[in-house]
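Okay, so here's the structure we're looking at.
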Amino acid sequence: MGHRFGDGPWLFRDLDFTLRPGEAIGLCGPSGSGKSTLLSIVAGFAKPAEGQVERHNISSVRWVFQNPHGMPRRTALDHVVQPLLGRGYEREQAVDEAMDIMTTFHLADLADRQFRELSGGEAQRLMLARAVASKPGLLLVDEPTAQLDQRTASDVDATLTGLATGDTIVVIATHDPNTRAACSRVIDLAWHENHEERKEQA
Ligand SMILES: Nc1ncnc2c1ncn2[C@@H]1O[C@H](COP(=O)(O)OP(=O)(O)OP(=O)(O)O)[C@@H](O)[C@H]1O
Ligand SMILES: [Mg+2]
Numbered sequence: 018m019g020h021r022f023g024d025g026p027w028l029f030r031d032l033d034f035t036l037r038p039g040e041a042i043g044l045c046g047p048s049g050s051g052k053s054t055l056l057s058i059v060a061g062f063a064k065p066a067e068g069q070v071e072r073h074n075i076s077s078v079r080w081v082f083q084n085p086h087g088m089p090r091r092t093a094l095d096h097v098v099q100p101l102l103g104r105g106y107e108r109e110q111a112v113d114e115a116m117d118i119m120t121t122f123h124l125a126d127l128a129d130r131q132f133r134e135l136s137g138g139e140a141q142r143l144m145l146a147r148a149v150a151s152k153p154g155l156l157l158v159d160e161p162t163a164q165l166d167q168r169t170a171s172d173v174d175a176t177l178t179g180l181a182t183g184d185t186i187v188v189i190a191t192h193d194p195n196t197r198a199a200c201s202r203v204i205d206l207a208w209h210e211n212h213e214e215r216k217e218q219a
């Protein structure tokens, strides 16, 4: 499988891999190497320019974007409770479970805060907590630690890679060496020569 935009340079080519439940896969490579693009192809949001992606028995797909989007006036807690209600939890259990998940992302103290009041890193952790609450078969995460201090980042790494159990596959696009190390497997996207030339011309 390979991809390029239009007749531009190939971002990656001859990729051939299988993702299995229980794995946490890191997509690594420098900025512009195609990590986010490959995530969207794995998710099925984009079609590769050559080759194909097959998905077998994936119950649901969840994507946590590089830039968090939430509901500005709703509380942080509401964001995590909502997918649990969607999965059939009663309100009280949903709140308990949401608080547990938020605690693992260091968000318990911010439960009653409105989304618009959160910092960038808090907002992104909240989107991760929300994704965890929806318990997807395939969880795709883009740069989860980019805005975080080291200690918070390492807890986020542990929580995300810890999710890759049973029937969940976790794919994380990152250039954080610690996140990379926490993954059970890594797919490296190399810096593409053509790409570099094009950048230099620009
Ligand atoms: N829709 C598009 N059309 C044309 N080029 C695109 C499009 N989307 C992305 N690109 C280009 O493809 C390359 C790879 O982008 P991508 O976002 O996948 O990189 P990345 O590895 O996620 O980078 P970063 O670490 O900065 O997030 C970049 O040069 C980008 O400008
Ligand atoms: Mg990216």
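Counting from 1 along the sequence shown, just add 17 to a position and that's the residue number in my numbering.
Backbone N, C-alpha and C define an ideal beta-carbon position, used for all residues, glycine too.
With DSSP as the reference, please indicate the residues paired to Trp80 in a beta bridge. For Trp80, which the question treats as bridged, DSSP gives the partners Leu157.
Whole-angstrom Cβ separation of His96 and Asp172, contact assumed at under 8 Å? Contact between His96 and Asp172 does not hold, since their C-beta atoms are separated by about 19 Å, which reaches or exceeds 8 Å.
Tell me whether Ser171, by its Cβ, gets closer than 6 Å to a heavy atom of ligand 2. Result no, Cβ not under 6 Å from ligand 2.
Can you tell me whether Ser50 sits near ligand 2, meaning its C-beta is under 6 Å from at least one heavy atom of the ligand? Every heavy atom of ligand 2 is 6 Å or more from the Cβ of Ser50, so no.
State the DSSP-derived secondary structure class of Ala190, mapped to helix, strand or coil. Three-state DSSP puts Ala190 in a strand.
Which of the three DSSP states is assigned to Glu214 in this structure? Confidence at Glu214 is low in this model, with a pLDDT of 47, below 50, so its placement is unreliable and the value that follows should be read with caution. Assigned with DSSP and collapsed to three states, Glu214 falls in helix.
Span of the beta strand (DSSP E) holding Gly43? Going by DSSP, Gly43 is part of the beta strand (DSSP E) stretching over Ala41 to Cys45.
Within the same chain, show all residues whose beta-carbon is closer than 6 Å to that of Asn211, passing over the 5 residues directly before and after it, in chain order. Any answer about Asn211 is weak, because its pLDDT of 49 lies below 50 and its placement is not dependable; what the coordinates show is given next. Taken in chain order, the residues that qualify are Pro26.
Rounded C-alpha distance that separates Ala148 from Pro85: Taking the CA atoms as reference points, Ala148 sits about 12 Å from Pro85.
Are the beta-carbon atoms belonging to Val16 and Val81 less than 7 Å from one another? The chain is shown only over 18 to 219; residue 16 falls outside these bounds and no answer can be derived.
Since I believe Asp205 is in contact with Cys45 (beta carbons under 8 Å), could you give me their beta-carbon distance rounded to a whole number of angstroms? Confirmed, Cβ separation roughly 5 Å.
Kindly indicate which three-state DSSP category Val203 falls into: helix, strand or coil? Reduced to three states, the DSSP call for Val203 is strand.
Complete beta strand (DSSP E) runs within the region 45-116 (minimum length 3 residues, chain order): List check, beta strand (DSSP E) in window: 78-81.
DSSP state of Phe132 mapped onto helix, strand, coil: Here Phe132 sits in helix by DSSP.
Just reading off the alpha helix (DSSP H) that Asp172 is part of, what are its end residues? In the DSSP assignment, Asp172 falls within the alpha helix (DSSP H) that extends over Gln167 to Gly179.
Return helix, strand or coil for Gly23, following the three-state DSSP convention. If DSSP states are grouped into helix, strand and coil, Gly23 belongs with coil.
Less than 6 Å between the CB of Ser53 and some heavy atom of ligand 2, yes or no? The answer is yes for Ser53.
Nearest to Thr120 by CA position, among Arg142, Phe62, Phe22 and Val78, is which residue? Out of Arg142, Phe62, Phe22 and Val78, the CA that lies nearest to the CA of Thr120 is found in Arg142.
Does ligand 1 have a heavy atom nearer than 6 Å to the CB of Phe22? Flag set: Cβ of Phe22 near ligand 1.
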